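Protein sequence lines correspond, in order, to chains A and B. In this text, residue positions in the first sequence follow the working numbering: the first is 1, and each later residue adds one. In this text, residue positions in the second sequence follow the working numbering: the first is 259, and each later residue adds one. Here a beta-carbon is modelled for each residue, glycine too, at the ideal position from N, C-alpha and C. Everything numeric in this text was worked out from a predicted model, so none of it was measured. Please read the structure below before turning to the comments.
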Amino acid sequence: MKPRIAIFKFASCDGCQLQFLNAEDELLKLAGQVDLAYFPEARSRAREGPYDIAFVEGSITTPDDARRIIQVREESRYLVAIGACATAGGIQALRNWADIEEYRRLVYPSPEFISTLSTSTPIAEHVRVDLEVWGCPVDKHQLLAVLRSLLSKAQPVLPAYSVCMECKRRGNVCVVVARGEPCLGPVTRAGCGALCPAFNRGCYGCFGPADDQNMESFARLLANLGVTGDDAMRRLRGINGYVRPWRETADDIAAGKK
Amino acid sequence: MTSRRAKSRTIQVNYLTRVEGEAAVRIRLHDGELVDLRLQIFEPPRFFESFLRGRDGREAPDLTARICGICPVAYQMSTVHAFERLYGITIDPAVRELRRFYLCGEWIESHALHIHMLAAPDFLGCDSIVTLADKNRQAVERGLRIKKAGNAIVAALGGRSVHPVGACIGGFTRAPRREQLADLREQLLRVRDDAVECVQWVSHFDLPAVTRDIEFVSLRNRDEYPMNEGRIGSSKGIDAEPGNFDDCFEEHQAPYSNALHCKVKGRGPYFLGPLARVNLNFARMGPDVTSVARETGIPWPNSNPYTSIVARALEVLYAIDEALRVIDAYQPPAAPAASFEVRSGVGRAITEAPRGSLYHAFETDQRGLIRSARIVPPTAQNQAQIEADLRELVPGLVQRSQAEATHLCEMAIRNYDPCISCSTHFLKLEIERH
């Protein structure tokens with residue numbers, strides 16, 4: 001029997017699940033190898049679990065979703081969190097530092113009817129996650145590699161080293177050294193192909209923290225480039241700002257400790 | 259689920275499929291008469307307008323892009339144009355051309371996605387592109403080739419098709435060299451024939467023949483098809499600067515819910531997107547596209563929402579031609595981005611996202627930090643019109659099975675290619691009244 005695949009969405013922009021549909025050359029072949037049992041964005045017929053592999057996009061931001069993710073976990077043999085929202089809480093985790101009541105009032109005229117949690121949190125804060133694929137968006141090739149590994153019953157291997165490694169391999173000129181441009185590359189997980197430096201700009205951390213990041217040293221690097229205070233804090237408190245090493249460093253900077 | 263009590267019936271479509279994002283429809287009937295109809299959005303709010311406050315304006319294009327993974331380019335474009343107005347920046351004409359090119363890429367990929375993966379299965383009795391491929395593999399492969407070419411344009415300017423990284427206030431962080439566009443030119447030439455075939459294919463679908471009294475709204479330019487600039491125009495006489503958006507439209511609270519609906523001031527719902535643009539700018543697509551449009555046998559302009567899929571296919575063809583025109587005339591700008599000084603003020607802009615006019619307004623302080631942000635996506639503006647279309651559909655639903663009614667509602671909604679992830683200003687809640 002073909003493995004049953006499900007793709008679930010929580011608070012997100014749809015961009016990560018779109019990467020499946022962006023696999024134009026592989027899509028039809030892949031579709032023949034799996035049973036796409038649940039993918040409401042692409043298919044009107046949905047079938048019930050259990051599922052062999054569940055890809056989960058988005059973060060948990062409402063009481064309903066906090067219950068739904070537990071159900072998803074129960075009916076999924078292997079659960080893959082895909083993208084910055086699912087692995088880090090996403091850009092909407094900026095609410096985690098704010099007064100959610102004020103946020104509601106700013107956007108909606110009748111805020112009392114908006115059902116939302118005061119935090120946006122990654123999937124792993126709610127249920128056991130078997131694999132995290134990072135990125136905002138996830139890289140299409142990484143996603144396909146993960147799926148192929150799982151289909152052949154191998155443990156997927158994703159890079160955990162920093163963007164600097166990819167950047168050197170690509171032959172980019174270092175934007176920090178050459179132009180004094182602040183760049184999160186030294187503390188960010190590889191996977192994008194060092195896109196931003198290739199486009200003459202500093203990395204802004206789409207793929208979240210690398211395993212070997214050194215935040216002490218990175219905070220000094222920013223300070224040496226003249227990036228301090230709120231400016232330094234905002235650079236870390238972005239798309240993946242709620243992940244621990246970045247969150248703590250940004251909080252320290254905001255508190256004037258760095 | 260269909261519940262049959264004495265004479266009351268509720269038709270509930272619990273999870274709209276093949277739309278981007280999460281929504282439901284609830285229709286309540288009594289004695290066959292419509293009591294209530296709601297398009298319910300349960301996409302969780304993400305509070306973009308709130309957390310943008312205090313951020314540097316220069317970060318904004320990368321942040322607003324995250325509202326929508328399907329149309330991030332349009333979000334970047336409305337944002338950078340609003341800030342350029344705010345900071346008084348004049349962009350290089352070559353940058354202006356590149357931005358048209360960039361948006362062409364997004365129109366092509368987003369429209370091709372919608373036509374082949376989301377809408378066509380409806381008309382051909384399939385549940386997805388995968389089952390559609392079993393029936394008509396050639397059409398699906400053609401659609402995937404077109405979509406891939408659109409993604410390649412976006413990636414040429416921004417490195418990747420979802421949340422590309424190259425756009426900034428003042429221009430781009432990197433402008434391509436002429437020779438870097440050569441392969442892309444070949445690719446676009448190859449898919450041009452595909453795009454013509456796609457127009458013919460969708461125009462032969464069994465499109466329901468309805469005519470409605472609709473106010474179509476899009477940007478309008480004197481000479482060119484609207485993308486990143488122009489005046490607001492409508493089929494009922496609106497002609498205004500984008501900065502005067504609030505003079506033309508109002509966000510209105512429906513009596514049965516606390517949702518925001520957009521309406522033309524003093525009138526009613528309005529219709530954004532490819533059909534509105536084609537209707538209001540037909541001749542500006544140029545003779546090569548209008549001749550293909552006329553051959554479909556469908557009259558243009560027209561007021562049948564189901565012809566949206568054909569309008570979308572025509573825009574794919576137009577965007578391919580326009581992208582080729584930009585490549586052929588391309589001379590790289592002297593600098594990829596204009597330099598500027600930040601200041602306090604207000605900037606507003608509208609660009610044409612694949613799904614229609616996308617309005618952004620930002621206010622900054624002296625340091626260039628955002629004091630307030632307002633984002634009105636096309637799907638939010640189309641919401642009242644979608645409900646109006648569903649209301650027209652109701653008499654025909656009464657005798658239908660749940661599955662048929664669901665299918666007809668979904669088809670009517672898909673005319674708008676709604677992107678429900680764009681959840682700012684777009685949340686609707688049910689409040690039962692007994």
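A contact between stretches requires three or more CB pairs, one per stretch, nearer than 8 angstroms, and the region 421–435 of chain B meets this requirement with the region 318–328 of chain B. Going by DSSP, D392 (chain B) is part of the alpha helix (DSSP H) stretching over 387–393. With contact defined as three or more Cβ pairs closer than 8 angstroms, the region 226–233 of chain A and the region 200–216 of chain A are not in contact. By the CB criterion at 8 angstroms, D25 (chain A) and K2 (chain A) fall outside the cutoff. At a cut-off of 8 angstroms between beta-carbon atoms, D320 (chain B) makes contact with chain A.
Rounded to the nearest whole angstrom, the C-alpha separation of I633 (chain B) and S152 (chain A) is 45 angstroms.
Membership of A318 (chain B) in the alpha helix (DSSP H) is indicated by the continuous run 318–322.
Within the DSSP bridge table, the entry for L295 (chain B) names B:I285 as partners.
Contact note: D385 (chain B) reaches chain A through R43, S44, R45, using a C-beta cutoff of 8 angstroms and chain order. Bounds of the beta strand (DSSP E) holding S630 (chain B) are 628–634.
Taking a Cβ-Cβ cut-off of 9 angstroms, C164 (chain A) has no neighbours in chain B, whose nearest Cβ is about 17 angstroms from it. The DSSP-derived three-state label of H141 (chain A) is helix. From the beta-carbon of P137 (chain A), the residues of chain B found nearer than 8 angstroms are G327, R418, V420, H421. Judged by DSSP secondary structure, A84 (chain A) falls within the alpha helix (DSSP H) whose first and last residues are 83–88. Under the Cβ criterion of 8 angstroms, T188 (chain A) is not counted among the residues facing chain B. Taking 8 angstroms as the threshold, the shortest C-beta distance from K523 (chain B) to chain A does not fall below it.
Using beta-carbon distances, G15 (chain A) counts as an interface residue toward chain B, with a partner under 8 angstroms.
Listed along chain B, the residues sitting closer than 8 angstroms to N200 (chain A) by beta-carbon distance are T431, R432, P594. Secondary structure note for E621 (chain B): its beta strand (DSSP E) is the uninterrupted segment 614–622. Using beta-carbon distances, C183 (chain A) does not count as an interface residue toward chain B, since no partner is under 8 angstroms.
When the Cα atoms are used, D211 (chain A) and L158 (chain A) turn out to be separated by approximately 11 angstroms. N409 (chain B) has a beta carbon lying within less than 8 angstroms of a beta carbon in chain A. Counting the other Cβ atoms within 10 Å of the Cβ of H462 (chain B) gives fewer than 16, which makes it exposed. Closest option to L106 (chain A), judged by alpha-carbon separation, among B:L390, B:F305, B:P379, B:Y333: B:F305.
Between the region 588–606 of chain B and the region 474–485 of chain B, the count of C-beta pairs closer than 8 angstroms stays below three; the two stretches do not touch.
Cβ contact annotation for Q589 (chain B) (same chain, cutoff 8 angstroms, sequence separation greater than five): A352, R436, in chain order. Residue pairing from DSSP places G135 (chain A) in a beta bridge opposite A:V138.
DSSP, reduced to helix, strand and coil, places K406 (chain B) within a helical segment of the structure shown. For G424 (chain B), a Cβ of chain A is located within less than 8 angstroms of the residue's own Cβ.
Residue pairing by DSSP places L94 (chain A) opposite no residue, since no beta bridge is assigned to it.
Going by DSSP, K29 (chain A) is part of the alpha helix (DSSP H) stretching over 27–33. Taking a Cβ-Cβ threshold of 8 angstroms, none of the residues of chain B is close to E74 (chain A); the smallest such distance is about 19 angstroms.
The Cβ neighbour count for K406 (chain B), taken over all protein chains shown within 10 Å, is at least 16; the residue is labelled buried.
For the options B:D350, B:Y576, B:L446, the alpha carbon positioned closest to that of D546 (chain B) is the one of B:Y576. In the three-state reduction of the DSSP assignment, E473 (chain B) falls in the coil class, being assigned neither a helical nor a strand state. Using a CB distance cut-off of 8 angstroms, P635 (chain B) does not count as an interface residue toward chain A.
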